[in-house]
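Under this note's numbering, the first residue of the sequence shown is numbered 77, with each subsequent residue one higher.
For every residue, glycine included, the Cβ atom is placed at its ideal position computed from N, Cα and C.
Shown next, in C-alpha cells, is the structure this report addresses.
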Amino acid sequence: MVLYAMLGIDNFLPQVLNAGKNKLKSMNEVSGLVNLRALILNDNDVVSICKLDKMQELNTLVLSRNPISGIGQSLAKINSITKLSLSNCQLQGIDSSLKSCTELKELRLAHNDIKTLPSELAFNIKLQNLDIGNNVIMKWSDLKVLSSLVNLKNLNLQGNPIAEKEALAKKIKKQLPNLQILNAKPIENALKKEEGGRVDFENESGHLDIAASDRKRELVQTEKRTNYDLAFHQLNLAQERNKSAKNRRRVKF
77 MVLYAMLGID NFLPQVLNAG KNKLKSMNEV SGLVNLRALI LNDNDVVSIC
127 KLDKMQELNT LVLSRNPISG IGQSLAKINS ITKLSLSNCQ LQGIDSSLKS
177 CTELKELRLA HNDIKTLPSE LAFNIKLQNL DIGNNVIMKW SDLKVLSSLV
227 NLKNLNLQGN PIAEKEALAK KIKKQLPNLQ ILNAKPIENA LKKEEGGRVD
277 FENESGHLDI AASDRKRELV QTEKRTNYDL AFHQLNLAQE RNKSAKNRRR
327 VKF
C-alpha cells in the first residue's frame, strides 16, 4: 500500500516512524510527534521540511531523495539530531540552517547542487562523517570551514570539481589532521600515491594489509627469478646439443 498522506498520525506516539518510499507530498502531520526519535521519509515527494521544534528527542532524520530545495529554519530549535541525510535532493546550499544541531555526528548531503560549505558549519564540532560527494564545489575557499571540524574522521568529496585537483589528500590532511577516510579510502594510501610511494593493499574488511602487499611483491620477484632461471637452462641445453652434434661429425667409421 502506498501512502499519500499521514492524516491521524498525531494520535499515535511512536519513537520510530518509517514511511519511506511512498508518495507523501507533505510531512506537516508529524510535527506533533514529541516522542519521535527517528523519522525516515526517504524516496517521497516532500518539497519542504516542516518545523520540528517539538521533537526534542529526535536524533535521526532521513529525507534523502525528496525534491527539497532548502532546509530553512526547520531545525533552528532542535539540537538533539545526530544523523541527518538529505542526499539526492535539490539543495542549493545549507547556509546557517544547521547551526543549532550541535550534536550532529553524521551529515549526508551527496548529489545536490551545493557550491560551498558555510562558516556556520563550525558549530557542528562533533561531526565525524561528512558526505558532500557529487555537488559543485570548485574552490579550496569553499571548504575553508573544514579546519574547524576537528573530530571529522570520514570525508567524501568525490564527484566535485575540486576532487580532481592535484595533491588533494595532502591539502585535506593539513586541514584535518585526524581524518582517516577520504573518498571511501584510507587517506594514508592517497598520501603515499601522491608522494609516489607504495600503496598498500586492503584486505576484505577494508583495512590496510601490509603483509599482503609484501607477499605480492615477493611473488613478482619470484616470478622474475623463475623466468630468468628457465631462460638460462634453455641456453645450456642448446649449447649441449651443439656440442653433441659436433662430436658426431668427428666420429669416423
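- The closest CA to that of Phe199, considering only Asn227, Asn188, Trp216, is found on Asn227.
- Cβ contact annotation for Leu203 (same chain, cutoff 7 Å, sequence separation greater than five): Leu180, Lys181, Leu183, Leu225, Asn227, Leu228, in chain order.
- According to the DSSP assignment, Ile154 belongs to no alpha helix (DSSP H), since it is labelled neither H nor E.
- Nearest to His187 by C-alpha distance, out of Leu109, Leu219, Ile157, Asn211, is Asn211.
- Excluding its 5 nearest sequence neighbours in each direction, Thr192 has C-beta neighbours in its own chain below 6 Å: Asp218, listed in chain order.
- The residue among Met214, Asn164, Lys175 with its C-alpha nearest the C-alpha of Ser195 is Lys175.
- Shown here, Val221 sits in a helix according to DSSP, grouped into three states.
- The closest CA to that of Ile116, considering only Ile201, Asn142, Ile170, Pro237, is found on Asn142.
- Judged by beta-carbon spacing, Ser156 lies within the 9 Å limit of Met131, meaning their Cβ atoms are closer than that value.
- The residues Ile213, Met214, Lys215, Trp216, Asp218, Leu219, Leu244, in chain order, have a CB closer than 8 Å to that of Ile238 in the same chain once the five nearest residues on each side in sequence are set aside.
- Secondary structure at Ser195: helix, using DSSP grouped into helix, strand and coil.
- Apart from the 5 residues on each side of it in sequence, Gln234 sits with its Cβ closer than 8 Å to the Cβ of Gly209, Asn210, Asn259, Ala260 in its chain, given in chain order.
- Looking at the backbone, the Cα of Ile144 and that of Gly272 are separated by about 43 Å.
- Here the alpha carbons of Ser172 and Asn98 stand approximately 30 Å from one another.
- The C-beta separation of Val138 from Arg113 comes to about 12 Å, leaving the pair out of contact by the 8 Å criterion.
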